[in-house]
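One structure below.
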Amino acid sequence: MVAAGALNKDDPRPVSGKTFEAAFYAELLSEIPTLVSPSGMELAMGATRAQFVSLAADGVLTPRIDVPTIKLPWRVSDGLALVVELKEMAEPVEPSDQHWESIQSAKSRSSISVGTIVAAVRDGRLRLGLRTDVAGYAGFCVLKMDINGMDQSIRLETGHSHVTAAAFGRSVGKRGQSWFKRLSVAGPTPTTHLPHPKWGGMRIYVSPADQAAFHERFMTPSTMAKEADEDRRVIISKLKAAGIASFAPNDEDYGRLYLRSEVEGILAQP
Numbered sequence: 531m532v533a534a535g536a537l538n539k540d541d542p543r544p545v546s547g548k549t550f551e552a553a554f555y556a557e558l559l560s561e562i563p564t565l566v567s568p569s570g571m572e573l574a575m576g577a578t579r580a581q582f583v584s585l586a587a588d589g590v591l592t593p594r595i596d597v598p599t600i601k602l603p604w605r606v607s608d609g610l611a612l613v614v615e616l617k618e619m620a621e622p623v624e625p626s627d628q629h630w631e632s633i634q635s636a637k638s639r640s641s642i643s644v645g646t647i648v649a650a651v652r653d654g655r656l657r658l659g660l661r662t663d664v665a666g667y668a669g670f671c672v673l674k675m676d677i678n679g680m681d682q683s684i685r686l687e688t689g690h691s692h693v694t695a696a697a698f699g700r701s702v703g704k705r706g707q708s709w710f711k712r713l714s715v716a717g718p719t720p721t722t723h724l725p726h727p728k729w730g731g732m733r734i735y736v737s738p739a740d741q742a743a744f745h746e747r748f749m750t751p752s753t754m755a756k757e758a759d760e761d762r763r764v765i766i767s768k769l770k771a772a773g774i775a776s777f778a779p780n781d782e783d784y785g786r787l788y789l790r791s792e793v794e795g796i797l798a799q800p
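To convert, take the position in the sequence shown, counting from 1, and add 530; that gives the numbering used here.
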C-alpha cells in the first residue's frame, strides 16, 4: 500500500493504527490475493527462469507492485495474456526444423534484447514460430536469418541521433511503444518518420527536437522524480491529493502521463 501511495513509508504509527481509503484502492486490494511469485508466473506461462527474467528486465512484463521486497508482485493474467497474444501471431514449427531458435537463444547469440525482439514481432518485422512439441512461452521461436538481419539493421540505426519510440518510452519510464504511437498520431506531440534501413517502409523515430517538445508539454512519474529529486510514489500521492488526473483526452488511456502545466506547481510544493 506504500507503493500505491495509500500509506506513507515514514508513517510512525503502528501497523494496526494505519488507515487509508479502502474504496479508492479497491481494485488493488482485490488483486493482492491473486498475485504470484516469479516461479508462479514461470509455471503459468510455461517459461524458464532465464526467459522470465529477460521479459521482466526489458519491461515486456511488469510487476503489479514494483517493490523489490514484495515476494508476490506478479499478475498471472499479464503473463497469460502475453502468451495468447504471441500465439495469435505464431506459425507452427516442427521440432526438426533447425532454421528457428528460441527467443532466449536469439537474445544470447545476437545480444539483441528480448524486448526488442518482441517489439519487432508485434510490428510485423519478425516472423514468429511456435514449436509443436513445446507448450507455453518456451515454445516461441524466431528465424535465425531474420535475427542476423535484425542485428545488422540495429547497427545501422545507430548512425543518427534519433531514437525509436520504444527507446524513448524507456527513457521516460514507460514501457512499450504503442502509447507513444497513439499519442503522436493523435497530435499532441511530434515524431519523425524515416525509412527503416533494413526492412524498408517508414518507421516512427523521436528526434532530439521531438524529445524536447514532449518534455516541454508532458511529464511522467519518472521525469517528475528526476526533476523534483523526490520519490515517484510520493509525487503520485501528491497528484492524487490535489485531484490532478493523467492526460486522457477523449478518454484515451496513455497511462501515467501528465501535462507539465498542471503538475509543476504541485512539484514545487515542499
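Don't be surprised by glycine CBs; every beta carbon is placed ideally from N, CA and C.
With respect to the 9 angstroms criterion, P625 and D653 are not classified as neighbours on the basis of their beta carbons. Burial check for E746: the Cβ neighbour count within 10 Å stays below 16, so the residue is exposed. Considering only V606, G703, V566, A650, the residue with the shortest C-alpha distance to A755 is G703. Beyond the five residues adjoining it in sequence on each side, A574 comes within less than 8 angstroms, by CB distance, of V566, V606, G609, L610 in the same chain, given in chain order. Per DSSP, reduced to three states, the secondary structure at A574 is helical. Comparing alpha carbon positions, the residue from E618, A668, L797 closest to E757 is L797. In this chain, the alpha helix (DSSP H) harbouring L610 covers 606-619. Judged by beta-carbon spacing, L660 lies within the 9 angstroms limit of E621, meaning their Cβ atoms are closer than that value. Excluding its 5 nearest sequence neighbours in each direction, G576 has C-beta neighbours in its own chain below 6 angstroms: A665, G666, Y667, A668, listed in chain order. For L612, same chain residues with a beta-carbon under 6 angstroms away, outside a window of 5 residues either side, do not exist. With contacts defined as CB atoms closer than 9 angstroms, L602 and G570 qualify as a contacting pair. For S701, the closest C-alpha among the options V736, D759, L585, P720 is that of V736. For R762, the closest alpha carbon among the candidates A771, K770, S752 is that of S752.
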